[in-house]
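Engineer: Residue numbers (the working numbering), protein chains in the order written: chain A, 23 to 402; chain B, 23 to 402.
Pasting a structure here, questions to come.
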């Protein structure tokens, strides 16, 4: 969430989320079935008569359907990709109809572990199934159909959102014009999984976790969520960005030889952890990290990503950032190679940005002008 | 600890730790005073008549005085640098008298937070002072004096141990012949501090921490220690080493869509965390990470490391490892530059090893032959 005051001139302005109920059961990759569920979404711009100008925005780990604009009752709650999406912005809402959706299993309005399980009348908790990138794409496809959108002009996302964009082109090759795959990897490395696992263990070993059924106890595993978020932030920033932003600056000007905050970086991490732990659902966090771990489209093709991508028809804009050590440019190049092996239309940009993984959220002019030019070139 | 069966032929064999009591108060950098304390140490080889062949081994985060050999009652408990130190090994105990010492504040026999505070008759706990690299060097210097060693032929260490070796040459320039500074940094980066801070927060927010006075409650903050160790292991290994060792191998052969161990890397981290949490003292862990954070010899010289090193007289062997992302080669080069600015005798090697930070513990032949040649060249 961006706490800066909204700029009315180039923003979509006040937005209102919408809930839609689906009562056709959704069979998940795990074999579990969601008998019914709600999705919360927002839209910006206007769907044209041909229904050809729709853009789906897929969110990453901790974001939501609230992609652009702000809420009338909270003007400081600006959407997470507001710098990219709006009238005259790279994803121009004067031309495109943009949809943000909170994924199934989320904690921002769509059905998730904190929702009531109709079968029991109690929160789903530990019983909420594990969801995958493929499951999210299916749920998003149903939402598209509900909105009368047969084909997206573009499906866009960064990080885990980019994995969804990539999956869209494999699951529904006829329904995607362009996929923006920003700061992505075709699958997590052992190190990526390791970080996720430490975060999960922090949550599940918190005494307030109660095996995932903490709702009934009136508590949340706040300590664990806080640690998970602190750790996450380390992996979102580059070493250099941290050095630039915090260095070894002392909070109090001098060393105190104690265990209170000494260095600015400690203060930053504690603050981010504290804030996150007040609003994010731990069961959702667990499931989103599992969706990341499981994403591996090549797995069913003997590890051959090129074979996995076979059949895709989209155009691709793949972007990586030099300082991203979570999903380094080498990981994006694996995706590019697989796409090129299939003679697909791919533009690849490796942007020399200092911010680390978080760069996909920044308004770097080279990044944004590339997206702008690509979006402008889309035929509607 | 190396669980391999000991090789009698080239090992120092059975060793016996020794405790020594110091009752001259030690004033710490923080201003706190240790009125009295014990140090536990081991020695291998024989001190020559001129007392000129002593080598001090400084330990890193979780190691101890038990550097080589094994214990009669536990032959599997082999010292942590046994591959380097022994008869005929690179640090040859036929020639050198080698000393390993558990640092002040440790939990392997030297006085630390779990020891009884004579002033209260209870464990020190939260009252145990913060200790620094400089403090450890002073305590080690007293031990040397106690053993009749005026000057070490070499002070050697990796990681935090290397910081102590470097500090020795600044604190006691006349008492060190050679410093082996392996896998080191002249100070932690913001990212390094950030990882330490997450580990500390895991420990201090564990409900069993009780503000550091858990001894009285008959518990230990095991969850926190476990997380700290899991996180530590991620930073000790390179991304490539993890990929090589674990990749995305599934523990059970297929995806289970649950929260038990799925990937081998998860199993490894949980195992390492569980094991560590049964024997390491949390208060020691907290203090050692703080000693790392605080180490910054340039600080009192306006950030000028070259000025900090002025006055040093030792010869240096500085070694870094290409895949070490905790303390990358660039960090070692900062040390080398400062030493060269002072026209000191420095050999620097950047070893193309895949193991990450842990490479300093491995028996890479290039690494070991470099240490061997350097040690052989030392005049006694």
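Cβ atoms here follow ideal geometry from the backbone N, Cα and C, with glycine treated the same way.
Classify residue 383 of chain B: buried if its beta carbon has 16 or more other beta carbons within 10 angstroms, exposed otherwise.
Structural biologist: For the purposes of this step, residue 383 of chain B is identified with residue 361 of the second chain, where counting begins at 1. Residue 383 of chain B comes out buried.
Engineer: Note down, in chain order, each residue of its chain lying with its Cβ closer than 6 Å to the Cβ of residue 327 of chain B, except the 5 sequence neighbours on either side.
Structural biologist: Residue 327 of chain B sits at position 305 when you count from the first residue of the second chain. 208, 320, 360, listed in sequence order.
Engineer: Which residues of chain A have a Cβ atom closer than 8 Å to the Cβ of residue 222 of chain B, listed in chain order?
Structural biologist: Reading the second chain from its first residue, position 200 is the one you call residue 222 of chain B. Neighbours of residue 222 of chain B on chain A, chain order: 281.
Engineer: Examine chain A for any beta-carbon lying closer than 8 Å to the beta-carbon of residue 26 of chain B, and answer yes or no.
Structural biologist: As a working note, residue 26 of chain B is residue 4 in the second chain. Low confidence applies here, because residue 26 of chain B scores a pLDDT of 49, under 50, leaving its location unreliable and the question unanswered by this model.
Engineer: Closest to residue 393 of chain B by CA distance: which of B/183, B/379, B/352, B/176 is it?
Structural biologist: As a position in the second chain, residue 393 of chain B is number 371, starting the count at 1. Of B/183, B/379, B/352, B/176, the residue nearest in Cα terms is B/176.
Engineer: With the cut-off set at 8 Å, would you say residue 287 of chain B and residue 215 of chain A are in Cβ contact?
Structural biologist: Position 265 of the second chain holds residue 287 of chain B. Position 193 of the first chain holds residue 215 of chain A. Against a cut-off of 8 Å, the Cβ pair of residue 215 of chain A and residue 287 of chain B comes out as a contact.
Engineer: Quick one: what does DSSP say residue 219 of chain A is sitting in, helix, strand or coil?
Structural biologist: Mapped onto the first chain, residue 219 of chain A falls at position 197. Residue 219 of chain A: helix per DSSP, three-state reduction.
Engineer: Quick check on residue 269 of chain A - is its C-beta less than 8 Å from some C-beta in chain B?
Structural biologist: Here the question's residue 269 of chain A lines up with position 247 in the first chain. So, interface residue.
Engineer: Between which two residues does the beta strand (DSSP E) holding residue 64 of chain B run?
Structural biologist: Within the second chain, numbered from 1, the residue matching residue 64 of chain B stands at position 42. Unbroken beta strand (DSSP E) run through residue 64 of chain B: 59-66.
Engineer: Leaving out the 5 sequence neighbours to the left and right, which residues in its chain are closer than 6 Å to residue 263 of chain B when beta-carbon positions are compared?
Structural biologist: Residue mapping note: residue 263 of chain B aligns to position 241 of the second chain, counting from 1. So the list reads 376, 377, 378, once near-sequence residues are dropped.
Engineer: By the three-class DSSP mapping on this structure, what secondary structure does residue 192 of chain A have?
Structural biologist: Taking the first chain and counting its residues from 1, one reaches residue 192 of chain A at position 170. Three-state DSSP puts residue 192 of chain A in a helix.
Engineer: Residue 211 of chain A by DSSP, collapsed to three states: which one?
Structural biologist: What you label residue 211 of chain A is simply residue 189 of the first chain in a count that begins at 1. Coil.
Engineer: Quick check on DSSP: helix, strand or coil for residue 171 of chain A?
Structural biologist: The residue you call residue 171 of chain A lines up with position 149 of the first chain. In this structure, residue 171 of chain A counts as coil in the three-state DSSP scheme.
Engineer: Rounded to the nearest angstrom, what separates residue 310 of chain B and residue 283 of chain A at their Cα positions?
Structural biologist: Taking the second chain and counting its residues from 1, the one referred to as residue 310 of chain B is at position 288. Taking the first chain and counting its residues from 1, the one referred to as residue 283 of chain A is at position 261. Near 16 Å, if we compare the C-alpha coordinates of residue 283 of chain A and residue 310 of chain B.
Engineer: On the three-pair Cβ rule with 8 Å, is the stretch 240-256 of chain A touching the stretch 210-225 of chain A?
Structural biologist: They touch, by the three-pair rule.
Engineer: Please check if any C-beta of chain B sits within less than 8 Å of the C-beta of residue 276 of chain A.
Structural biologist: Locating residue 276 of chain A in the first chain gives position 254, counting from the first residue. So no, residue 276 of chain A is outside the interface.
Engineer: What is the DSSP secondary structure of residue 15 of chain A, counted as helix, strand or coil?
Structural biologist: In the structure displayed, chain A extends from 23 to 402; residue 15 of chain A sits before or after that span and is not available.
Engineer: Provide the residue span of the beta strand (DSSP E) that contains residue 93 of chain B, from first to last.
Structural biologist: As a first step, residue 93 of chain B is located in the second chain; it is residue number 71 there, counting from the start. Here residue 93 of chain B belongs to no beta strand (DSSP E), and DSSP marks it neither H nor E.
Engineer: Residue 288 of chain B CB to nearest chain A CB: under 8 Å?
Structural biologist: Here residue 288 of chain B corresponds to residue number 266 of the second chain, with the count starting at 1. True, the Cβ-Cβ gap to chain A drops below 8 Å.
Engineer: Counting only Cβ pairs nearer than 8 Å, list the residues of chain B close to residue 227 of chain A.
Structural biologist: Along the first chain, read from residue 1 onward, the residue named residue 227 of chain A stands at position 205. Going along chain B in sequence order, the residues near residue 227 of chain A (Cβ under 8 Å) are 245, 248, 249.
Engineer: Using a Cβ-Cβ distance under 8 Å, would residue 23 of chain B count as near chain A?
Structural biologist: As a working mapping, residue 23 of chain B is identified with position 1 in the second chain. With a pLDDT of only 40 at residue 23 of chain B, under 50, the local geometry of the prediction cannot be trusted, and the value read off the model is given with reservation. With 8 Å as the cut-off, residue 23 of chain B does not count as an interface residue toward chain A.
Engineer: For residue 97 of chain A, which of helix, strand or coil comes out of DSSP?
Structural biologist: Within the first chain, numbered from 1, the residue matching residue 97 of chain A stands at position 75. The answer is coil: DSSP assigns residue 97 of chain A none of H, G, I, E or B.
Engineer: Report yes if the CB atom of residue 211 of chain B is closer than 8 Å to the CB atom of residue 261 of chain A, and no otherwise.
Structural biologist: Your numbering for residue 211 of chain B matches position 189 in the second chain. Your numbering for residue 261 of chain A matches position 239 in the first chain. Closer than 8 Å, so yes.
Engineer: Would you report the Cα separation of residue 391 of chain B and residue 355 of chain A, rounded to the nearest angstrom?
Structural biologist: For the purposes of this step, residue 391 of chain B is identified with residue 369 of the second chain, where counting begins at 1. For the purposes of this step, residue 355 of chain A is identified with residue 333 of the first chain, where counting begins at 1. Taking the straight line from one Cα to the other gives about 38 Å.
Engineer: Which chain A residues sit within Cβ distance under 7 Å of residue 52 of chain B?
Structural biologist: Taking the first residue of the second chain as position 1, residue 52 of chain B is located at position 30. What residue 52 of chain B touches in chain A: 279.
Engineer: Taking the CB atoms as reference points, tell me whether residue 246 of chain B and residue 304 of chain B lie closer together than 8 Å.
Structural biologist: Within the second chain, numbered from 1, the residue matching residue 246 of chain B stands at position 224. Within the second chain, numbered from 1, the residue matching residue 304 of chain B stands at position 282. Contact flag set, yes.
Engineer: Using the three-state DSSP reduction, which class does residue 384 of chain B fall into: helix, strand or coil?
Structural biologist: By 1-based counting over the second chain, the position of residue 384 of chain B is 362. Residue state, collapsed to three classes: coil.
Engineer: Can you check which of these residues, B/107, B/78, B/80, B/81, is closest to residue 92 of chain B by C-alpha distance?
Structural biologist: Residue mapping note: residue 92 of chain B aligns to position 70 of the second chain, counting from 1. Among B/107, B/78, B/80, B/81, the Cα nearest to that of residue 92 of chain B belongs to B/107.
Engineer: Let's see if you can read the secondary structure: which residues bound the beta strand (DSSP E) around residue 367 of chain B?
Structural biologist: To locate residue 367 of chain B, count along the second chain from 1; it is residue 345. Element bounds for residue 367 of chain B: 367-373.
Engineer: What are the boundary residues of the alpha helix (DSSP H) that includes residue 298 of chain B?
Structural biologist: Sequence index remark: in the second chain, residue 298 of chain B carries index 276 (1-based). Residues 286-301.
Engineer: Shorter than 8 Å from the beta carbon of residue 169 of chain A to some beta carbon of chain B?
Structural biologist: Numbered from its first residue, the first chain carries residue 169 of chain A at position 147. Not closer than 8 Å to any Cβ of chain B, the Cβ of residue 169 of chain A fails to qualify, so no.
Engineer: Taking 8 Å as the cut-off, decide whether the C-beta atoms of residue 148 of chain A and residue 234 of chain A are in contact.
Structural biologist: For the purposes of this step, residue 148 of chain A is identified with residue 126 of the first chain, where counting begins at 1. For the purposes of this step, residue 234 of chain A is identified with residue 212 of the first chain, where counting begins at 1. Going by C-beta atoms, residue 148 of chain A is nearer than 8 Å to residue 234 of chain A.
Engineer: Locate the alpha helix (DSSP H) running through residue 307 of chain A, then write down its first and last residues.
Structural biologist: By 1-based counting over the first chain, the position of residue 307 of chain A is 285. First-last of the alpha helix (DSSP H) with residue 307 of chain A: 304-316.
Engineer: Mind checking which residues open and close the alpha helix (DSSP H) that includes residue 76 of chain B?
Structural biologist: Here residue 76 of chain B corresponds to residue number 54 of the second chain, with the count starting at 1. Residue 76 of chain B -> not in any alpha helix (DSSP H); beta strand (DSSP E) instead, spanning 76-79.
Engineer: Could you name the residues of the stretch 312-330 of chain A whose beta carbon sits closer than 9 Å to any beta carbon of chain B, in the order they occur along the chain?
Structural biologist: Taking 9 Å as the Cβ-Cβ cut-off against chain B, the residues of the stretch 312-330 of chain A that qualify are 312, 315, 316, 318, 321.
Engineer: Give me the Cα-Cα distance between residue 285 of chain A and residue 318 of chain B, rounded to the nearest whole angstrom.
Structural biologist: Numbered from 1 along the first chain, position 263 holds the residue referred to as residue 285 of chain A. Numbered from 1 along the second chain, position 296 holds the residue referred to as residue 318 of chain B. Cα to Cα, the separation comes out at about 13 Å.
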